[in-house]
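Residue numbers (this note's numbering): 842 to 1068.
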């Protein structure tokens, strides 16, 4: 089991990320960043594929070890020109499948695409065989073992010195998680700055989502919509 921040462990099936599993995550990036930070701070190694705008500075602010993070952004030259041959295109799923060999967590941004079920099954089988966890975002992936969704619920700010002036001092997230065949569980988490680090702090008790509507697949993630 890979470690994750305590407030997330309270709602995730099994209390963490199971090795060899595939987990879908979407919404506020603070959750994804905090997971990368927690795993690397504990000595684990993480690869981030196809997410060129993910803030590594934020990972470091949350206590992560950037020397344990490999980044394959996929940004830049779309291909290498060779007369008579087609340009080589960046395929985040193919890159992620290779990186599953030897890393604790591989995070892959799907760029809004839907991965064919047959290909998803092949990559999931590789993750199980290698004991590496795959985390997918920004797309559709069938057969995930767990899903995690976070939305910004509120912002906190320092007192205004004058009209139009002020600074955001933190924010609150509404976070939902579910495992395969289990009910959606939700919690409220505060993102705060304490002890020279940015941390996730539980803001209210964990509870099941009451009267949840049927789940729908959105952005690579199965989300329950509360009535």
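Beta carbons are placed, not taken as given, at the ideal position from N, Cα and C, and that holds for glycine.
What is the residue span of the beta strand (DSSP E) that residue i lies within?
i            : result
residue 873  : Where residue 873 is concerned, there is no enclosing beta strand (DSSP E), although the alpha helix (DSSP H) it sits in stretches over 870-882.
residue 970  : That residue, residue 970, is in no beta strand (DSSP E); its alpha helix (DSSP H) goes 958-971.
residue 900  : Taken as a continuous stretch (DSSP letters only), residue 900 belongs to no beta strand (DSSP E), being part of the alpha helix (DSSP H) at 897-902.
residue 1032 : 1026-1035
residue 936  : Residue 936 -> not in any beta strand (DSSP E); alpha helix (DSSP H) instead, spanning 933-940.
residue 950  : 946-950
residue 911  : 910-913
residue 985  : Careful: residue 985 lies outside any beta strand (DSSP E) and carries neither H nor E.
residue 888  : 887-890
Would residue i and residue j be called neighbours here (beta carbons separated by less than 8 Å)?
i            : j            : result
residue 1101 : residue 878  : Residue 1101 lies beyond the range of the chain shown here (842 to 1068); nothing can be said about it.
residue 866  : residue 965  : no
residue 857  : residue 842  : yes
residue 915  : residue 931  : yes
residue 863  : residue 948  : no
residue 990  : residue 961  : no
residue 902  : residue 997  : no
residue 1036 : residue 1012 : no
residue 880  : residue 844  : yes
residue 887  : residue 910  : yes
residue 1033 : residue 1040 : yes
residue 972  : residue 956  : no
Alpha carbons only, please: which of the options is nearest the one belonging to residue i?
i            : options                : result
residue 884  : 873, 1040 and 945      : 945
residue 942  : 876, 974 and 851       : 974
residue 1022 : 1038, 951 and 988      : 988
residue 871  : 888, 956, 886 and 848  : 848
residue 970  : 940, 980 and 956       : 940
residue 859  : 1020, 963 and 1029     : 1020
residue 992  : 1030, 889, 959 and 963 : 1030
residue 889  : 913, 908 and 882       : 913
residue 963  : 938, 950 and 951       : 938
Within 7 Å: the Cβ of residue i and any heavy atom of the ligand ATP?
i            : result
residue 1030 : As for the ligand ATP, it is missing from this structure, which has no ligand bound.
At what residues does the alpha helix (DSSP H) containing residue i begin and finish?
i            : result
residue 1075 : A question about residue 1075 goes unanswered here, because the residues of the chain that appear run from 842 up to 1068.
residue 976  : Note, residue 976: premise wrong, no alpha helix (DSSP H); beta strand (DSSP E) at 974-978.
residue 849  : 847-850
If residue i and residue j are in contact, beta carbons under 8 Å, what's the gap, nearest whole angstrom?
i            : j           : result
residue 1026 : residue 852 : 4 Å
residue 874  : residue 899 : 5 Å
Does the contact criterion of 3 or more C-beta pairs under 8 Å hold for the region 886-895 versus the region 1011-1019?
Segments in contact, no.
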